[in-house]
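A.B. asks: Attaching a single structure in structure tokens format; questions to follow.
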Amino acid sequence: MKMTSAQAAKVLRQLNDEHSTIIYKESSTRSFLASVGEDVESVRPDYDYEAAQAKLSEIETKIRKLKHALNVFNCTTVIPGYDMTIDEMLVYMPQLSQRCSKLSAMKDAIPKVRESASYSRSSAIIDYRYANYDIEKAAEDYRSACDELAKAQTALDLVNNTAELEIEL
302 MKMTSAQAAK
312 VLRQLNDEHS
322 TIIYKESSTR
332 SFLASVGEDV
342 ESVRPDYDYE
352 AAQAKLSEIE
362 TKIRKLKHAL
372 NVFNCTTVIP
382 GYDMTIDEML
392 VYMPQLSQRC
402 SKLSAMKDAI
412 PKVRESASYS
422 RSSAIIDYRY
432 ANYDIEKAAE
442 DYRSACDELA
452 KAQTALDLVN
462 NTAELEIEL
């Protein structure tokens, strides 16, 4: 079947949710307590070991196939406007995000700041911390990095929502 990466991610979430539900139900019904003298069959929960294992195996197979197809898609699909695959873009975007965070702090710096006196010093000397870079250039680079991050996110979203991959579940 053909689907977009975004659709495949939704199917993957559904499969993982279904798997978790079966695991939870299995853990709740695979054993039970009965008091001495109580009719064991009257308190036995419904549980079919073989059916549960078969269903879990079926879902796990679908998850493996889906994840493999997504991995292949991500490693081979090039983002238009960027000379990188989705896989590379998924590394590039956190790098850009980290750069934006760093530059945000740098652009907000004051050129000269008085340092707080430490308790261990008994000197009358006042220390100042100086920005050792062009704060305006950091602000410009911040805006540029944030714009690039937004552009990269949009390009990735476009591919994830339009390019189709073939998945056999």
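This note's numbering puts the first residue of the sequence shown at 302, with every later residue one more than the last.
Where a beta carbon is used, it is the ideal one built from N, C-alpha and C, also for glycine.
What you are looking at is a predicted structure, and each value in this text was computed from that prediction instead of being measured.
Would you give the residue range spanned by the alpha helix (DSSP H) that leucine 466 belongs to?
C.D. replies: What you label residue 466 is simply residue 165 of the sequence shown in a count that begins at 1. Careful: leucine 466 lies outside any alpha helix (DSSP H), inside the beta strand (DSSP E) at 465–467.
A.B. asks: Per DSSP, valine 373 forms a beta bridge with which residues?
C.D. replies: Reading the sequence shown from its first residue, position 72 is the one you call residue 373. Beta-bridge pairing links valine 373 to no other residue.
A.B. asks: DSSP on valine 379, reduced to helix/strand/coil?
C.D. replies: Taking the first residue of the sequence shown as position 1, residue 379 is located at position 78. Strand.
A.B. asks: Using beta-carbon positions only, say whether glutamate 467 and lysine 303 come within less than 7 Å of one another.
C.D. replies: One-based indexing of the sequence shown puts residue 467 at position 166. One-based indexing of the sequence shown puts residue 303 at position 2. Going by C-beta atoms, glutamate 467 is nearer than 7 Å to lysine 303.
A.B. asks: Among the candidates Leu397, Glu465 and Thr463, whose CA atom is the shortest distance from the CA of arginine 444?
C.D. replies: Within the sequence shown, the letter at position 143 stands for residue 444. The option with the nearest alpha carbon to arginine 444 is Leu397.
A.B. asks: Looking only at DSSP bridge pairs, what is arginine 430 linked to?
C.D. replies: Sequence index remark: in the sequence shown, residue 430 carries index 129 (1-based). DSSP output for arginine 430 lists Val414 as bridge partner(s).
A.B. asks: Alpha carbon to alpha carbon, how far is lysine 311 from aspartate 272? Give it in angstroms, no decimals.
C.D. replies: With the chain covering only 302 through 470, there is no way to say anything about residue 272.
A.B. asks: Using the Cα positions of arginine 314 and tyrosine 431, report the straight-line distance between them to the nearest angstrom.
C.D. replies: Within the sequence shown, residue 314 is the residue found at index 13, counting from 1. Within the sequence shown, residue 431 is the residue found at index 130, counting from 1. So the alpha carbons of these two residues sit roughly 50 Å apart.
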